[in-house]
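Written out below as C-alpha cells is the structure these notes cover.
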Amino acid sequence: MATEFDSQLIESVTVRRNRLSDALLYGSNSTERRWKSTARSFVFSIVAAALIAAICVGVAFVGNLMANQQRQQQEREQKLNSAPLHVPATPASTDPTGI
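Below, the structure is given as C-alpha cells:
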C-alpha cells in the first residue's frame, strides 16, 4: 500500500509541475494554449514551404538563364566558324584616272 501511495504522490507532483510550467510559459487558459501552439506550428510550416518553393524557383530560373546564355554563345561560335572568310575586293589600281 505504501508503494501505491508513493507512486501516486510522485505522479501528482509531476502533473502539477507540468501544469505550473505550462501555465508559466503559455498562460492559464489551456485551450488557448493548445490553439496557439497548433497555429504557430502551422504558420511556421507554411513559411518553411514558401521558402523552399522560392529557393527551388530561383535555382531553376538561374539555371535556365545560364543554359540559354550558353546555347546562344555556342550558336555565335558556330556562325563564326561556319561563315566563309570575306576578303574585301581591292580594285586593280587605286589611281582614279585609270592609268
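First residue of the sequence shown? That's 264 in the numbering used here, and the numbers climb one at a time after it. For every residue, glycine included, the Cβ atom is placed at its ideal position computed from N, Cα and C.
Separation of residue 309 and residue 267 (C-alpha to C-alpha, rounded to the nearest whole angstrom) is 47 Å. Residue 304 places its beta carbon 9 Å or farther from that of residue 289.
The segment 270-351 is shown to contain whole alpha helix (DSSP H) runs of 4 or more residues at 293-345, in chain order.
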